[in-house]
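Residue numbers (this note's numbering): 26 to 392. We put the CB at the ideal spot given by N, CA and C, even for glycine. Notes to accompany the following structure.
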Ligand code: CA
């Protein structure tokens, strides 16, 4: 054997030994060439595969595989395939699956502070939400809440500002909301409840049938592109805006902390990067697709209606009452809320000057 070959063999033997030792710790199989193990994870999601929200899960899965040359593979499953759509956190916490893709605000019954991870009524738009999460201490605050569930979370997709839902009849005043049965989750649902609405929480795949059959009178989902896919325009005629309870919802990857700790550092970084890419990818797709879908919906007979100022003002007042009540009852909520509220005030002041003044002028003179 030549000297160079001897050296190479020795180097490979050394890497292999280190890898085998590492893999004995992580329970994964080694890849001799790179020293990095083959890892296979399952991802439970809250979405049907046909919807834009599933894009976030797919982006993470696809990019993780590409960045690790197929060594780290995450397979996303539609809602109901592994666990019901609203039980993703439970499954990740229990370790039934290694990770999930979901909306954190589905779990405000477990911890109300999780609402801020997704979106809260009269909160931040997508750009502001990312600023809060990545640069304003938001992600650290949310991850701290998730440690109580043995979970670590990363933002992995945004729908952008949503629409205000589909109604079978016109809603002109707060009085018109009384007794209305509406699918709306999260704190938005709590606000609607105080406005007299009979609130329902259904996963995406069940909304159309409930609305079409009259089991509910109204339903919100996402925006033109996804709502059209669900066929909601065939079940109700009046499409309200804006979605004041979800001005910029972020979806999250939830990872079981034990599974996270077993990942090599390189794969942890890959997963974080893929999640960040999912934010850009999903938001871009929604922004590009929603305008076209809205034109199709209008030509199919959908009537666009703005919420009345009376409803908006009543909803905003109730929203902040609910925030204050939650803060007085729940230490985690209080901690996140106070930090979030200060950030919101600052960025609203700034965006009123730079973003809003421009948007008001440019979109009103759009031709
Ligand atoms: Ca929604």
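Residue i burial status per 10 Å Cβ neighbour count (16 or more: buried)
i, result
"residue 170", "buried"
"residue 390", "exposed"
"residue 378", "exposed"
"residue 373", "exposed"
"residue 349", "exposed"
"residue 279", "buried"
"residue 375", "exposed"
"residue 324", "exposed"
"residue 248", "buried"
"residue 52", "Unreliable positioning characterises residue 52 in this predicted model, as indicated by a pLDDT of 48, which lies under 50. The coordinate reading is nonetheless provided below. Under this definition residue 52 is an exposed residue."
"residue 86", "buried"
"residue 125", "buried"
"residue 326", "exposed"
Alpha-carbon to alpha-carbon, residue j and residue i
i, j, result
"residue 282", "residue 177", "6 Å"
"residue 192", "residue 316", "20 Å"
"residue 387", "residue 144", "27 Å"
"residue 30", "residue 60", "Here the model assigns residue 30 a pLDDT of 42, short of 50, so the residue's position is not dependable and the matter cannot be decided."
"residue 81", "residue 220", "33 Å"
"residue 381", "residue 235", "38 Å"
"residue 44", "residue 63", "In this predicted model, residue 44 has a pLDDT of only 45, less than 50, meaning its place in the structure is not dependable; the value taken from the coordinates is given anyway. Going from the Cα of residue 44 to the Cα of residue 63 covers about 11 Å."
"residue 336", "residue 150", "20 Å"
"residue 199", "residue 338", "10 Å"
"residue 351", "residue 369", "18 Å"
"residue 238", "residue 264", "18 Å"
"residue 196", "residue 205", "10 Å"
"residue 308", "residue 355", "32 Å"
"residue 319", "residue 328", "11 Å"
"residue 217", "residue 76", "25 Å"
"residue 241", "residue 299", "38 Å"
"residue 161", "residue 359", "16 Å"
"residue 332", "residue 232", "21 Å"
"residue 65", "residue 313", "33 Å"
For residue i, the first and last residue of its enclosing beta strand (DSSP E)
i, result
"residue 101", "97-102"
"residue 66", "64-70"
"residue 60", "Element bounds for residue 60: n/a, residue is neither H nor E."
"residue 126", "124-127"
Host alpha helix (DSSP H) of residue i (start-end)
i, result
"residue 254", "249-255"
"residue 388", "382-389"
"residue 88", "78-92"
"residue 217", "211-219"
"residue 227", "That residue, residue 227, is in no alpha helix (DSSP H); it is neither H nor E in DSSP."
"residue 118", "113-119"
"residue 237", "232-237"
Would you check if there are 3 or more beta carbon pairs closer than 8 Å linking the segment 57-77 to the segment 99-119?
-> yes
How about the segment 188-204 and the segment 261-275: do they share at least three Cβ pairs that are nearer than 8 Å?
-> yes
Say whether the segment 198-215 touches the segment 83-97, bearing in mind that this needs 3 or more beta-carbon pairs closer than 8 Å, one atom from each stretch.
-> no
Determine contact between the segment 344-356 and the segment 117-125, defined as no fewer than three beta-carbon pairs at a distance below 8 Å.
-> no
Determine, using beta-carbon pairs with one atom in the segment 80-91 and one in the segment 249-264, whether at least three such pairs fall under 8 Å.
-> no
Taking 8 Å as the threshold, find out whether the segment 154-166 comes into contact with the segment 358-365 through three or more Cβ pairs.
-> yes
Would the segment 289-298 and the segment 127-142 be scored as touching if the rule is three or more Cβ pairs under 8 Å?
-> no
Contact between the segment 201-210 and the segment 226-234: three or more CB pairs below 8 Å?
-> yes
Jot down the residue ranges of each uninterrupted beta strand (DSSP E) in the segment 328-380, minimum 3 residues, whole runs only, in chain order.
-> 328-331
Could you name each continuous beta strand (DSSP E) segment of 3 residues or more that falls completely within the segment 131-206, going from the start of the chain to the end?
-> 176-183
Ordered list of beta strand (DSSP E) runs contained in the segment 268-322, each at least 3 residues = 275-281
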